[in-house]
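There are 2 protein chains.
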Amino acid sequence: MLDYKLLQACAEVIRHASFEKAARELGLTQSAISQRVKLLEDRLGQPLIIRAKPIVATASGKRLLQHYQSVRLLEHDLQDDLPDIPSDGGFGQVALAVNADSFATWFVNVPKCLFDEFGLLVHLSVDDESLNHEALLDGRVLGAISLRPTPMQGCRARPLGKMRYVMVVSPEFQKRYFSAGVTADALRSCPAVNFSHHDELQNQYLKTHFGLNPGDFPAHTVPSSQGFVTVAEQGIAYAVVEIHQANDALRTGRLVQPCDHVIERPLYWHHRTMKSKLLDRVNETILSEARRFLPAIDR
Amino acid sequence: MLDYKLLQACAEVIRHASFEKAARELGLTQSAISQRVKLLEDRLGQPLIIRAKPIVATASGKRLLQHYQSVRLLEHDLQDDLPDIPSDGGFGQVALAVNADSFATWFVNVPKCLFDEFGLLVHLSVDDESLNHEALLDGRVLGAISLRPTPMQGCRARPLGKMRYVMVVSPEFQKRYFSAGVTADALRSCPAVNFSHHDELQNQYLKTHFGLNPGDFPAHTVPSSQGFVTVAEQGIAYAVVEIHQANDALRTGRLVQPCDHVIERPLYWHHRTMKSKLLDRVNETILSEARRFLPAIDR
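Taken in order, these protein sequences are the chains called A and B. The numbering of the first sequence is UniProt numbering, which starts it at 1 and goes up by one. The numbering of the second sequence is UniProt numbering, which starts it at 1 and goes up by one.
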């Protein structure tokens with residue numbers, strides 16, 4: 001059988017991409033961690049970690065990390081049935097990859113549900129699509145939110161619902177720039193707000209509805225979903241945001257919708273196909289939270 | 001004299017690390033952009049861009065980008081004096097690097113001031129310290145917020161003030177976990193919340209005041225300043241946050257401070273030393289906003 005002490009050391013180095021952080025996490029010295037990884041590599045007869053900056057896992061290293069995460073899941077189920085087995089500080093752990101707009105809207109109560117109901121510590125990473133899929137494939141996360149409808153190998157993709165994006169502005173901004181309505185000409189001379197992962201979305205919005213190409217309109221850059229709403233409320237840009245982010249401000253009149261165009265984005269929950277009570281619970285929590293907020297995807 | 005059409009193409013490729021985005025930004029085809037970069041490289045007799053994924057600038061490429069940004073600054077000053085020269089969509093542009101906690105607190109009004117007073121489109125990048133310094137050195141940003149007191153070559157570092165970090169929890173969390181006060185034992189058995197760039201700060205907080213090492217205490221991971229306050233309000237973690245982030249919630253009683261310990265972090269504004277009216281205005285705006293919110297750094 002594998003030596004799980006060694007495997008744990010190796011998995012934590014890969015997860016943190018750092019010997020130092022893995023050492024801290026496990027309460028060991030860096031040299032102890034390093035020895036364990038070396039020993040495991042010797043026993044398996046192949047390198048598991050490429051010692052570059054940043055540290056990268058080899059294909060074998062990634063595969064081992066996956067295996068390690070699966071074993072942890074099974075252990076968690078076991079603790080459920082045999083509650084006397086001690087777990088880390090009394091809590092289980094689950095790592096999830098989320099897109100920024102979900103994190104800023106319907107996803108907000110998921111960590112609370114997982115902690116309150118199942119005693120889980122939640123480790124979120126908020127990255128772009130392709131990095132989220134990579135994290136799922138590598139076994140660094142148990143599940144990932146994504147716009148892709150098709151599952152990857154060994155995974156399942158389940159519909160979460162549609163995010164709906166609308167244009168919002170402050171009443172003053174509307175008066176100043178959109179007094180004759182939202183037209184291509186008006187959009188050429190007032191600032192939008194870009195967010196790297198929003199660009200594609202906003203570009204499609206302005207192209208589809210107004211025939212504008214990127215470069216045709218001026219824009220600020222603010223890499224934060226929350227920041228988007230803030231600059232719109234401050235009246236220095238129009239913003240294309242997920243409707244839930246603007247609900248409060250629309251209700252109180254701090255923001256208005258200067259036009260009725262909507263862009264929809266279907267969202268999917270990707271997770272490994274494996275038997276685990278913990279995974280089932282996480283899946284149920286996320287699917288039910290999504291359905292509370294998001295309209296269903298059209299068939 | 002340099003051909004600035006070529007230089008602009010090259011600078012945008014470096015700034016966006018993408019031929020495709022540079023093409024969109026300038027309203028050109030990718031092949032036109034690629035030809036311009038190639039032509040400039042031929043004329044200067046050296047490579048400016050390493051065509052890898054992601055695209056990287058060579059040392060010469062970086063130096064040229066710096067020069068390009070300086071010329072853009074000087075142009076902006078010129079437009080000020082000769083208002084008939086057309087600029088991009090009627091707006092100037094300024095790129096700034098910010099740390100996440102500043103962005104979530106005292107910095108929030110800076111883009112509005114720069115847009116309202118000087119008609120500037122503001123491009124923010126929110127990254128960690130070392131990446132912010134790199135962006136300043138490379139000329140991708142005009143200035144950067146940082147904890148480092150010492151200026152880099154060709155730059156100036158000016159004190160902004162102290163950020164002050166305190167521990168906050170929901171009243172229910174306090175009752176449940178800290179009924180006998182905040183002690184090392186209590187902290188061993190209730191969740192903190194980590195944010196990669198916060199780790200060092202929270203670790204110091206828990207080490208200095210409670211003798212705890214990382215790994216001694218359970219923690220969620222939430223990579224968002226806003227998310228820190230949210231999970232604390234939801235009562236699933238205690239959080240060590242910049243005091244301004246929690247002010248509203250402390251006032252209304254959604255959060256309380258379970259102990260009086262404070263950690264302070266002096267902040268500095270780093271910018272190039274060059275003569276430019278635009279830069280002077282940006283500096284003044286940022287320094288005066290910081291001083292409105294942050295107490296002065298002790299001498």
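We put the CB at the ideal spot given by N, CA and C, even for glycine.
Quick check on the burial criterion: 16 or more other C-beta atoms within 10 angstroms. Buried or exposed for residue i?
| i | result |
| --- | --- |
| residue 42/A | exposed |
| residue 306/A | Because chain A is modelled from 1 through 299, residue 306/A falls outside the range shown and cannot be assessed. |
| residue 289/B | buried |
| residue 285/A | buried |
| residue 54/B | exposed |
| residue 9/A | buried |
| residue 300/A | With chain A running from 1 to 299 in the structure shown, residue 300/A is simply not present. |
| residue 161/A | buried |
| residue 50/A | exposed |
| residue 170/A | buried |
| residue 203/A | buried |
| residue 127/B | buried |
| residue 247/B | exposed |
| residue 29/B | exposed |
| residue 52/A | exposed |
| residue 73/A | buried |
| residue 4/B | exposed |
| residue 298/B | exposed |
| residue 180/B | exposed |
| residue 131/A | exposed |
| residue 185/B | exposed |
| residue 57/A | buried |
| residue 136/B | buried |
| residue 176/A | exposed |
| residue 227/A | buried |
Strictly under 8 Å for the Cβ-Cβ distance: is residue i near chain B by that measure?
| i | result |
| --- | --- |
| residue 4/A | no |
| residue 103/A | yes |
| residue 25/A | yes |
| residue 215/A | yes |
| residue 53/A | no |
| residue 91/A | yes |
Identify the contact partners of residue i in chain B, using a Cβ-Cβ distance below 7 Å as the criterion.
| i | result |
| --- | --- |
| residue 29/A | Correct list: empty, because the minimum Cβ distance to chain B is about 12 Å. |
| residue 300/A | This structure cannot speak to residue 300/A, because chain A is shown only from 1 to 299. |
| residue 12/A | Simply none; closest approach about 10 Å. |
| residue 108/A | 230 |
What residues from chain B crowd round residue i, counting only those whose CB sits closer than 9 Å?
| i | result |
| --- | --- |
| residue 123/A | 194, 219, 220, 221 and 222 |
Determine whether the Cβ of residue i lies closer than 8 Å to any Cβ atom of chain A.
| i | result |
| --- | --- |
| residue 85/B | Below a pLDDT of 50, predicted positions are generally treated as unreliable, and residue 85/B, at 45, falls in that range; no measurement from the model is reported. |
| residue 241/B | no |
| residue 115/B | yes |
| residue 151/B | no |
| residue 191/B | yes |
Anything in chain A within Cβ reach of residue i, meaning under 8 Å, just list it in chain order.
| i | result |
| --- | --- |
| residue 112/B | 231, 234, 235 and 236 |
| residue 126/B | 223 and 224 |
### Query
What residues in the region 129-148 of chain A have a beta carbon less than 7 Å from any beta carbon of chain B?
From the region 129-148 of chain A, no residue has a Cβ closer than 7 Å to chain B.
### Message
Please give me, in chain order, every unbroken run of the alpha helix (DSSP H) with length at least 4 that falls completely inside the region 90-148 of chain A.
### Response
The qualifying runs are 100-104, 110-118 and 129-138.
### Query
Between the region 254-279 of chain A and chain B, which residues of the former have a C-beta closer than 8 Å to a C-beta of the latter?
Only those residues of the region 254-279 of chain A whose C-beta falls short of 8 Å from the nearest C-beta of chain B would be listed, and there are none.
#### Entry: Inside the region 149-185 of chain A only - beta strand (DSSP E) runs reaching at least 3 residues
When DSSP assignments are scanned along the region 149-185 of chain A, the uninterrupted stretches of beta strand (DSSP E) that are 3 or more residues long and fall wholly within it turn out to be 155-168.
### Task
Note down, in chain order, all residues in the region 165-177 of chain A with a beta-carbon under 7 Å from any beta-carbon belonging to chain B.
Listed in sequence order: no entries.
### Query
Any residues in the region 226-241 of chain B with a beta carbon nearer than 9 Å to a beta carbon of chain A? Which ones, in chain order?
Those residues of the region 226-241 of chain B that come within reach of chain A (Cβ to Cβ, closer than 9 Å) are 226, 227, 230, 231, 234, 235, 236 and 237.
### Message
As an exercise, report each continuous alpha helix (DSSP H) stretch of at least 4 residues that is fully enclosed by the UniProt domain "HTH lysR-type" (2-58) of chain A, in chain order.
### Response
As far as the UniProt domain "HTH lysR-type" (2-58) of chain A is concerned, its whole alpha helix (DSSP H) runs of at least 4 residues are 4-16, 19-26 and 30-44.
### Query
Considering only residues of the region 234-261 of chain A, which uninterrupted alpha helix (DSSP H) runs meet the minimum length of 4 residues and lie entirely inside it, listed in chain order?
List check, alpha helix (DSSP H) in window: 243-252.
### Task
Could I get the ranges of all uninterrupted alpha helix (DSSP H) runs contained in the region 185-236 of chain A, with 4 residues as the minimum, in chain order?
Listed in chain order, the alpha helix (DSSP H) elements of length 4 or more contained wholly in the region 185-236 of chain A are 196-210 and 225-234.
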